[in-house]
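Engineer: A single structure is presented below for examination.
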Amino acid sequence: MAFIWVEDSPDGVSSCSSLTYEQLNNSVQSISKQLHLQRGDTVVILCAPGLELVEIIFACQRAGLLAVPIIPPHPSFANDNHHHLVRVLSQTRPKAALALQGYIDHVRQYLSSSTNKRLSELLQKLQWIPIEKIKAGKVNVQQNLSSYNGCKPDDLYLIQYTSGATGIPKPVLLTAGAAAHNVRTARKAYDLHPNSVIVSWLPQYHDCGLMFLLLTVISGATCVLTSPNAFINRPRLWLELITEYKATCTPVPSFTLPLVVKRGGVKAGTIPISLGSMKNLIIINEAIYKAATEEFIDVFKPLGLNPACISPSYGLAENCTFVSTAWRSGNHGNFPIYKKLLPSARLQASSRDDGEEDMEIIVVNEETHEPVDDGIEGEIWISSPSNATGYLGHPSLTREVFNGRLKNKLSGNFLRTGDRGIVIGQERYLYVTGRCSDMIKLSKGHEIHPHYIETAAYNSCPKLLRGGCLAAFQFSRTIAIVAELQKTQSDPESSRKICDEIRKSVIKEEQIEVGLVVLVESGNLPKTTSGKIQRWAAKYKLREGGINVIMQMKFDNNAKNLTLCDAIIHAKEEKIEEEEKGMKISMGKEPDQGFILASANALNHLSLRSSL
1 MAFIWVEDSP DGVSSCSSLT YEQLNNSVQS ISKQLHLQRG DTVVILCAPG LELVEIIFAC
61 QRAGLLAVPI IPPHPSFAND NHHHLVRVLS QTRPKAALAL QGYIDHVRQY LSSSTNKRLS
121 ELLQKLQWIP IEKIKAGKVN VQQNLSSYNG CKPDDLYLIQ YTSGATGIPK PVLLTAGAAA
181 HNVRTARKAY DLHPNSVIVS WLPQYHDCGL MFLLLTVISG ATCVLTSPNA FINRPRLWLE
241 LITEYKATCT PVPSFTLPLV VKRGGVKAGT IPISLGSMKN LIIINEAIYK AATEEFIDVF
301 KPLGLNPACI SPSYGLAENC TFVSTAWRSG NHGNFPIYKK LLPSARLQAS SRDDGEEDME
361 IIVVNEETHE PVDDGIEGEI WISSPSNATG YLGHPSLTRE VFNGRLKNKL SGNFLRTGDR
421 GIVIGQERYL YVTGRCSDMI KLSKGHEIHP HYIETAAYNS CPKLLRGGCL AAFQFSRTIA
481 IVAELQKTQS DPESSRKICD EIRKSVIKEE QIEVGLVVLV ESGNLPKTTS GKIQRWAAKY
541 KLREGGINVI MQMKFDNNAK NLTLCDAIIH AKEEKIEEEE KGMKISMGKE PDQGFILASA
601 NALNHLSLRS SL
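Numbering-wise (full-length UniProt numbering), the sequence shown opens with residue 1 and increments by one.
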């Protein structure tokens, strides 16, 4: 069996469909011959998660097409949910779109009455191909297998968009060779083979969720899939799938562990949980907290979970996905730790047995571009055949990010990840500490990663706040925290008390003063498709008044008692200064789309400065 798709219902009753490797191969070959497009054409895939999306992605590869899989927005294109689609169509300029016939009919209905000229023009340019039609067509599979004309190693194979955790999602160009190298490296690192069973609810459109589709096939494994919505609606489903299919491997974001402990319903449900089959519980994303991991182990060890299966890992879209794992089935609960975090890699000069021999990882001073000594935090740089080609339509940013060069050293290009890390101890564990762009500047040159503030804030009222739904950032001349409540507090005094407890908890745990605490309803904070908080977007929404505030409290730090209005004005002034500075820095460089947009924004705000 290759892939199994599980559809979950609100009452907990699941249904499934499946594809054997023979069925997958025949379907992919048939679809690739029915597409009738030129090799190298760009195709946007507007398909809901499921087995059809799996077939389409592999069929595009076999046909030699450049695939752009994205989450299809609702065909009404209402409530601004079409902005990402406009961005994708404008940047990638696809020749065709693959979608179900019902979706295409809705698009045509929209076009007949649309007043959105830009979106209409983009949609009308596309050749719309119904998925049902290309799946219904039949070809002689055996006759056509000998004439493979799919993607070659140096061919552009995929455009995957970054998650948007630190900015507007960017289109990453991947070659077939880079993707193949990445999944081969990951297969060896996690020791995947034909007897492996993978369970994944991650989005199938990019990053880990997409690459695990390729990883399944290259390993000859079985992959059990469900949707992110199914997991969020009923986290216990993830545990049930591991139990039912005796899964050996599952990749999850780091926020999954505390969420499942809290909402997993260990004792609820008709299916008893058994996690004894797990060999690799892969924890991805930065900020992998030891406490959350150990709490998960304490809860599920009686249900068969072996602590040795915990595999903290690191990856990013610009390196296809996979970069490293700290260990595989070799640690029995004696986790190394640095500032509450688990490591995501182990950097040894000696020979490796985890498949990462040609994945060079170094920590570099962001300003001097010189490697730093162990024990000093810096930016993580990676040199690997898995490195992407660059960002589509962003030549200046591509040079900056993908052509990192060490100062005074003859070496190849490095990918600048934008992640901060530090190497600790004789075993040289690499700890991914956070994002460079998210760093909060403190007095006297000190800095702190926002996740430490967010964790301390959550610990103040874990029964009232939503875990993983807090955002800390620099806002005007203070530090702000925006936190989602589990339930709206009808009593203003209760809300004020929560704000005060958040402030006290951050002072106690991190010795940092918070100047502004904002409580919002559930679902107000912007997130990526994989559930990561978009701090930059939360800051923007707060500054522009786009958040529905339940309660906000300002605290008098250093005799600066700002009102929320004052804070917003100062934040807008700082935004203007940042954009004007960006314009000066960008002068003389090749103008790309990002520069043009930044310049326009800064010019539009010049008049705002005087009005403020």
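Yeah, the Cβ is synthetic: ideal placement off N, Cα and C, and Gly gets one too.
Note down, in chain order, each residue of its chain lying with its Cβ closer than 7 Å to the Cβ of Leu14, except the 5 sequence neighbours on either side.
Structural biologist: Start at 1 with the first residue of the sequence shown, and residue 14 comes out as number 14. The sequence as given places Ser at residue 14; Leu does not occur at that position. Val6, Glu7, Asp8, listed in sequence order.
Engineer: Nearest CA to the CA of Gly40: which residue from Ser114, Ile159, Ser219, Thr20?
Structural biologist: Mapped onto the sequence shown, residue 40 falls at position 40. Nearest of Ser114, Ile159, Ser219, Thr20 to Gly40, Cα basis: Ile159.
Engineer: Closer than 6 Å by C-beta to Leu192: which residues in its own chain qualify, once you throw out the five before and the five after it? Chain order, please.
Structural biologist: For this step, residue 192 is matched to residue 192 along the sequence shown. Around Leu192: Ser219, Ala221.
Engineer: Taking all protein chains shown into account, do 16 or more other C-beta atoms lie within 10 angstroms of the C-beta of Asp491, making it buried, or fewer, making it exposed?
Structural biologist: Reading the sequence shown from its first residue, position 491 is the one you call residue 491. Asp491 should be labelled exposed.
Engineer: Whole angstroms is fine: what's the gap from Arg428's alpha carbon to Gly378's?
Structural biologist: For the purposes of this step, residue 428 is taken as residue 428 along the sequence shown, with counting starting at 1. For the purposes of this step, residue 378 is taken as residue 378 along the sequence shown, with counting starting at 1. Their Cα atoms are separated by approximately 15 Å.
Engineer: Which word fits Gly412, buried or exposed, when buried means at least 16 other C-beta atoms lie within 10 angstroms of its C-beta?
Structural biologist: Within the sequence shown, numbered from 1, the residue matching residue 412 stands at position 412. Classification for Gly412: exposed.
Engineer: Quick check on the DSSP output: what are the complete alpha helix (DSSP H) runs of length 4 or more inside the region 94 to 165, in order along the chain?
Structural biologist: Counting whole runs of 4 or more residues, the region 94 to 165 contains the alpha helix (DSSP H) stretches 101 to 113, 117 to 125, 131 to 136, 141 to 145.
Engineer: Can you list the alpha helix (DSSP H) stretches of 4 or more residues lying completely in the region 344 to 420, in chain order?
Structural biologist: Complete alpha helix (DSSP H) runs here, min 4: 395 to 402.
Engineer: Kindly give me the distance between the Cβ atoms of Pro169 and Pro203, rounded to whole angstroms, as I take these residues to be in contact under 8 Å.
Structural biologist: By one-based count along the sequence shown, residue 169 stands at place 169. By one-based count along the sequence shown, residue 203 stands at place 203. Going by Cβ atoms, the distance from Pro169 to Pro203 rounds to 12 Å, so no, they are not a contact pair.
Engineer: Between Asn285 and the rest of its own chain, which residues show a CB-CB distance below 7 Å, the 5 nearest in sequence each way excluded?
Structural biologist: As a working note, residue 285 is residue 285 in the sequence shown. So the qualifying residues of the chain are Pro253, Ser254, Lys532.
Engineer: Does the contact criterion of 3 or more C-beta pairs under 8 Å hold for the region 19 to 38 versus the region 56 to 70?
Structural biologist: At 8 Å Cβ cutoff, the stretches touch.
Engineer: Taking the alpha carbon of residue 637 as the reference point, which residue from Ile4, Ala99, Gln29 has its own alpha carbon closest?
Structural biologist: Residue 637 lies beyond the stretch modelled for the chain, which goes from 1 to 612, so this question has no answer here.
Engineer: With a cut-off of 8 Å on the beta carbons, I'd call Ile453 and Ala472 a contact; round off their distance for me.
Structural biologist: Your numbering for residue 453 matches position 453 in the sequence shown. Your numbering for residue 472 matches position 472 in the sequence shown. With 8 Å as the limit, Ile453 and Ala472 qualify as a contact, their Cβ atoms being about 4 Å apart.
Engineer: What does the alpha-carbon distance come out to for the pair Pro10 and Asn233?
Structural biologist: By 1-based counting over the sequence shown, the position of residue 10 is 10. By 1-based counting over the sequence shown, the position of residue 233 is 233. The straight-line gap from Cα to Cα measures roughly 8 Å.
Engineer: When the distance is taken between beta carbons, is Pro69 closer than 7 Å to Ile45?
Structural biologist: Position 45 of the sequence shown, counted from the first residue, corresponds to residue 45. Position 69 of the sequence shown, counted from the first residue, corresponds to residue 69. Yes. Within cutoff.
Engineer: Determine the closest residue to Phe296 out of Leu275, Gly315, Tyr314, Leu316, with distance taken between C-alpha atoms.
Structural biologist: Taking the first residue of the sequence shown as 1, we reach residue 296 at position 296. Answer by Cα proximity: Leu275.
Engineer: Is Lys339 helix, strand or coil by DSSP?
Structural biologist: Within the sequence shown, the letter at position 339 stands for residue 339. Of the three classes helix, strand and coil, the one that applies to Lys339 here is coil, per DSSP.
Engineer: What does a CB cutoff of less than 6 Å around Val432 pick up in its chain, not counting 5 residues either side in sequence?
Structural biologist: If you number the sequence shown from 1, residue 432 lands on position 432. Glu286, Tyr314, Ser344, Asp419, Gly421, listed in sequence order.
Engineer: Looking at the structure shown, is Arg428 part of a helix, part of a strand, or coil, going by DSSP?
Structural biologist: Taking the first residue of the sequence shown as 1, we reach residue 428 at position 428. Coil at Arg428, not helix or strand.
Engineer: By the three-class DSSP mapping on this structure, what secondary structure does Leu24 have?
Structural biologist: Within the sequence shown, the letter at position 24 stands for residue 24. In the structure shown, Leu24 sits in a helix (DSSP, three-state: H, G or I).
Engineer: Classify Gly355 as buried or exposed, calling it buried when 16 or more other Cβ atoms lie within 10 Å of its own Cβ.
Structural biologist: Within the sequence shown, numbered from 1, the residue matching residue 355 stands at position 355. Summary for Gly355: the model assigns pLDDT 46, below 50, so the residue's position carries little reliability; its value from the coordinates is reported in the next sentence. By the neighbour-count rule (16 or more Cβ atoms within 10 Å), Gly355 is buried.
Engineer: Check whether the region 193 to 202 touches the region 162 to 176, counting contact only when three or more Cβ pairs, one atom from each stretch, lie closer than 8 Å.
Structural biologist: No, because fewer than three Cβ pairs between the region 193 to 202 and the region 162 to 176 fall closer than 8 Å, the two stretches do not touch.
Engineer: Sort Cys249, Leu100, Leu89, Lys135 by Cα distance to Glu121 and report the nearest one.
Structural biologist: Working through the sequence shown from its first residue, we reach residue 121 at position 121. With distances taken between Cα atoms, Glu121 lies closest to Leu89.
Engineer: Would you mind working out which of Ile310, Asp105, Ile512, Cys223 sits nearest Ser17, comparing C-alpha positions?
Structural biologist: If you number the sequence shown from 1, residue 17 lands on position 17. For the residues Ile310, Asp105, Ile512, Cys223, the minimum Cα distance to Ser17 belongs to Cys223.
Engineer: What are the start and end residues of the beta strand (DSSP E) that includes Ser18?
Structural biologist: Taking the first residue of the sequence shown as position 1, residue 18 is located at position 18. Residues 14 to 19.
Engineer: In three-state terms, what does DSSP make of Gly264?
Structural biologist: For the purposes of this step, residue 264 is taken as residue 264 along the sequence shown, with counting starting at 1. Of the three classes helix, strand and coil, the one that applies to Gly264 here is coil, per DSSP.
Engineer: So Val260 packs on Leu347, CB below 8 Å; how close in whole Å?
Structural biologist: One-based indexing of the sequence shown puts residue 260 at position 260. One-based indexing of the sequence shown puts residue 347 at position 347. That pair is no contact at about 31 Å.
Engineer: What residue range is occupied by the uninterrupted alpha helix (DSSP H) comprising Gly177?
Structural biologist: The residue labelled residue 177 in the question sits at position 177 within the sequence shown. Counting along the chain, the alpha helix (DSSP H) containing Gly177 begins and ends at 176 to 190.
Engineer: Between the alpha carbons of Ser505 and Lys539, how many angstroms are there, rounded?
Structural biologist: Within the sequence shown, residue 505 is the residue found at index 505, counting from 1. Within the sequence shown, residue 539 is the residue found at index 539, counting from 1. Distance between the alpha carbons of Ser505 and Lys539 is about 22 Å.
Engineer: Can you check the region 33 to 83 for any beta strand (DSSP E) of at least 3 residues that lies completely inside it and give the ranges in chain order?
Structural biologist: With a minimum length of 3 residues, the continuous beta strand (DSSP E) runs that stay inside the region 33 to 83 are 42 to 46, 66 to 70.
Engineer: Mind checking which residues open and close the beta strand (DSSP E) that includes Asp207?
Structural biologist: Reading the sequence shown from its first residue, position 207 is the one you call residue 207. Run containing Asp207: none in the beta strand (DSSP E); it sits in the alpha helix (DSSP H), 207 to 219.
Engineer: Hey, is the region 371 to 390 in contact with the region 292 to 309, meaning 3+ C-beta pairs nearer than 8 Å?
Structural biologist: No, because fewer than three Cβ pairs between the region 371 to 390 and the region 292 to 309 fall closer than 8 Å, the two stretches do not touch.
Engineer: What beta strand (DSSP E) runs, 3 residues minimum, are completely inside the region 257 to 321?
Structural biologist: Whole beta strand (DSSP E) segments, 3+ residues: 280 to 284, 310 to 315.
Engineer: Which of the three DSSP states is assigned to Gly467 in this structure?
Structural biologist: Start at 1 with the first residue of the sequence shown, and residue 467 comes out as number 467. Reduced to three states, the DSSP call for Gly467 is strand.
Engineer: Have a look at Arg435, Thr325, Lys339, Gly177 and flag the residue whose alpha-carbon is nearest the alpha-carbon of Asn280.
Structural biologist: What you label residue 280 is simply residue 280 of the sequence shown in a count that begins at 1. Residue Thr325 is the option with its Cα nearest to Asn280.
Engineer: Between the beta-carbon of Leu225 and the beta-carbon of Ser200, is there less than 7 Å?
Structural biologist: To locate residue 225, count along the sequence shown from 1; it is residue 225. To locate residue 200, count along the sequence shown from 1; it is residue 200. The answer is yes: Cβ separation under 7 Å.
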